[in-house]
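Below is one structure, written out as structure tokens, with a few remarks after it.
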Amino acid sequence: MERYLKPDRLNVDPNSTNADKTFNHWFRTFTNFIYSLPGQEDRIIDKLNLLINYLELNVYEFISEAKNYDQAVNTLKSVCIKPRNIVMARHLLATRKQKAGESLDQFLNNLKILAKDCDFVAVSAEQYPSEMIRDAFINGLTSNQIRQRLLENKSVDLSTFDVAQ
């Protein structure tokens, strides 16, 4: 069974825009592979050495000093998974237009994928209008330079619109 679940070697550029998605997918397949190995009950699997065998050299360099599996995994997560820029993610969602030749189903699915990065959570009645005004303000700006400066901030609220002036 494990030969069917065997993952590819992880080869990811931590600076790429899809590094988090690539790592998360690879790590899930790697975890499935570990659990599929026979005889886990009788012996302890050296997960650190197994992990090292499934990393390309450029990725191994990040964990070469790790003392155990958990430390290595945490290091890989910190390198590959960067904090999301929620303001930018919501801007991309709000401004996404249907492309030529893109079916309605494809367009809707792409919107759902973009929405995953938006970190939607339950908010108060006071916070929701504030976030909507912020997003509408950024999306409606005629100045690309001002919009760019605002989108570079990880968190923008109505009090930070002094940046736009």
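Under my numbering, the first residue of the sequence shown carries the number -11, and numbering increases by one thereafter.
All C-beta atoms, glycine included, are put in the ideal place defined by N, C-alpha and C.
Quiz item: Counting pairs of Cβ atoms below 8 angstroms between the segment 75 to 84 and the segment 120 to 132, do you hit three or more?
Solution: yes
Quiz item: Do you know how far the Cα of Pro71 is from the Cα of Val47?
Solution: Approximately 20 angstroms between the Cα atoms of the pair.
Quiz item: If you compare alpha carbons, which of Asp105, Pro117, Val111 is closest to Lys9?
Solution: Asp105
Practice problem: Can you give me the Cβ contacts of Gln86 inside the same chain, cut-off strictly under 7 angstroms, excluding the 5 residues immediately before and after it? | Solution: Phe95
Quiz item: Does DSSP classify Leu43 as helix, strand or coil?
Solution: strand
Quiz item: Rounded to whole angstroms, how far is the Cβ of Phe11 from the Cβ of Pro(-5), which I believe are closer than 8 angstroms?
Solution: At roughly 12 angstroms, the Cβ-Cβ gap does not stay under 8 angstroms, so Phe11 and Pro(-5) are not in contact.
Quiz prompt | Burial state of Ile51, where buried means 16 or more other Cβ atoms lie within 10 Å | solution = buried
Quiz item: Since Arg84 contacts Leu102 with CB under 8 angstroms, what's their CB separation in whole angstroms?
Solution: 6 angstroms
Quiz prompt | Backbone CA spacing between Glu53 and Phe108 [nearest angstrom] | solution = 37 angstroms
Exercise. Can you give me the Cβ contacts of Lys35 inside the same chain, cut-off strictly under 6 angstroms, excluding the 5 residues immediately before and after it?
Key: Tyr57
Quiz item: Going along the chain, which residues of its own chain have a beta-carbon closer than 8 angstroms to the beta-carbon of Leu38, five neighbours each way excluded?
Solution: Within the same chain, Leu38 has close Cβ partners Ile22.
Practice problem: Kindly indicate which residue of Tyr42, Gln59, Leu80 has the alpha-carbon position closest to the one of Lys100. | Solution: Leu80
Quiz item: So what's Leu96 in DSSP terms, helix, strand or just coil?
Solution: helix
Quiz item: So the alpha helix (DSSP H) Gly128 belongs to, where does it begin and stop?
Solution: 115 to 128
Self-check item: Ile(-7) versus Thr5, Asn(-1), Leu25, Asn6, residue with shortest Cα-Cα distance
Solution: According to the sequence displayed, residue -7 carries Leu and not Ile. When only C-alpha atoms are compared, the closest one is Leu25.
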